[in-house]
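For reference, the structure discussed in these notes is given below.
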Amino acid sequence: MANAEGFVEAVDRADAADVAVVAELADEATRVDGVGPLSEQTWLQLRHGASGARELLLRRPDRTVVGYAHLDLSDPGEGPSGELFVAPEARGAGLGRVLVQALIDEARSRDKTQGVRVWAHGKLPAAEHLAGRMGFGAFRELWQMRRAVGLPVPETSQPTGVAVRTFVPGRDDDAWLALNAKAFAHHPEQGAWTHDDLRRRIAEPWFDPAGFFLAEDADRRLVGFHWTKVHPAQSGEGALGEVYVVGVDPAFQGGGLGKLLTAVGLTHLAQVRVDGEPLSEVLLYVDGDNQPAVSVYTRLGFRVHTVDVMYRHQG
């Protein structure tokens, strides 16, 4: 689909020059909107390539890139999903509709049985308006919650026979992936991680095994983990810590292991220094309808900071 202002080019993998342009445009969108337009998973797939993904580049007639959409086709259960944004300087000319329609058409060409799902980050009014006009309905919210890094961490007892240590890259990969799949069997976005997914994150500048905690039982089997992350300071905001992912073997749930691992990670993040300064806040992501988890995080001092909305095309 195209209009007088631009057209969409769909490719299996964007070249390095286009990736660099998309990164610049995304930075500008973040400054204008106050929230990044793309998730970590999309960034990794854009930079490294991925089977089962399509990149849609919104170009002016002179081929200048002014927008981007990512289509992930790897989930046979839930169907195609996407993310997209238009550069702030190109908004208001109908290009958002062009890009959304191209994403719908591309998804239909790959999977005619299920409607495309699209993430909109920050619950921005413009995104809500466009979603409504294009026949999308909201069905899921992902909350980013934050707490001050210096808030007290509740004391927790260590379950009998459990020891906590840090992750060793190369040695713990297989065991961690198996535990992650078991702990998140109900959550394919997390539970379906592969060796490539893990290796790409280990290769990221932010990765630090000292902030990746593993719990072992008396037989030295992994039964839980808390992977933390540190985001560098940017746009006038100090460095942030993240409760990146906490997982517990279903056989060990309900015994306090999750609380222990959460406390271990929060204590670690409170001690982290970036350029000599403590982290400003700690963030995490949780589904808005997961009330048990929201209640736990609220008691720990977390409050809702931003909301991402997933829409499904109804057409």
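My numbering applies: residue 1452 is where the sequence shown begins, and numbers increase by one. Quick reminder that beta carbons are idealized off the backbone N, C-alpha and C, glycines included.
Check your understanding: Quick one: Cα of R1671 to Cα of E1655, how far?
Key -> 28 Å
- Query: From L1730 to S1686, what distance separates their C-alpha atoms?
  - Reply: 15 Å
### Message
Which of the three DSSP states is assigned to V1473 in this structure?
### Response
helix
Worksheet item: So what's A1654 in DSSP terms, helix, strand or just coil?
Response: coil
Exposed or buried, what is V1459 when buried is set at 16 or more other beta-carbons lying within 10 Å of its beta-carbon?
-> buried
Within 10 Å of its beta-carbon, does F1590 have 16 or more other beta-carbons around it, so buried, or fewer, so exposed?
By the 16-neighbour rule on beta-carbons within 10 angstroms, F1590 is exposed.
Worksheet item: Helix, strand or coil: how does DSSP classify D1523 here?
Response: strand
_Less than 8 Å between the C-beta atoms of F1664 and V1715, yes or no?_
yes
field: Where the alpha helix (DSSP H) containing T1749 begins and where it ends
entry: 1742 to 1750
Worksheet entry | Straight-line Cα distance separating H1682 from S1502 | CA-to-CA, the gap between S1502 and H1682 works out to about 28 Å.
(Q) In this structure, how does DSSP classify A1571 when only helix, strand and coil are distinguished? (A) strand
### Residues bridged to H1415 [DSSP beta-bridge criterion]
Nothing about residue 1415 can be read from this structure; the chain reaches only from 1452 to 1766.
Open item on the list: Can you give me the C-alpha to C-alpha distance between D1513 and D1466, rounded to a whole angstrom?
Closed with: One C-alpha to the other measures close to 17 Å.
Contact between the segment 1553 to 1564 and the segment 1736 to 1745 (3+ Cβ pairs under 8 Å):
With the cut-off at 8 Å, the segment 1553 to 1564 and the segment 1736 to 1745 do not touch.
Quiz item: For E1506, does the count of other Cβ atoms within 10 angstroms reach 16, so buried, or fall short, so exposed?
Solution: The residue is buried, with at least 16 neighbouring Cβ atoms inside 10 Å.
*Helix, strand or coil for A1410 per DSSP?*
The requested residue 1410 does not occur in the structure, where the chain is confined to residues 1452 to 1766.
Separation of L1708 from E1667, as counted between CA atoms:
Rounded to whole angstroms, E1667 to L1708 spans 10 Å at the Cα level.
Exposed or buried, T1792, counting other C-beta atoms within 10 Å across all chains shown (16 or more means buried)? Examination of residue 1792 is not possible in this model, given that the chain is present from 1452 through 1766 alone.
**Request:** Can you grab the Cα-Cα spacing for the pair A1471 / G1727, in whole Å?
**Result:** 31 Å
- Message: To test your reading of the DSSP string, which unbroken beta strand (DSSP E) runs of 3 or more residues are found completely within the segment 1541 to 1596?
- Response: Counting only runs of 3 or more, we get 1568 to 1571.
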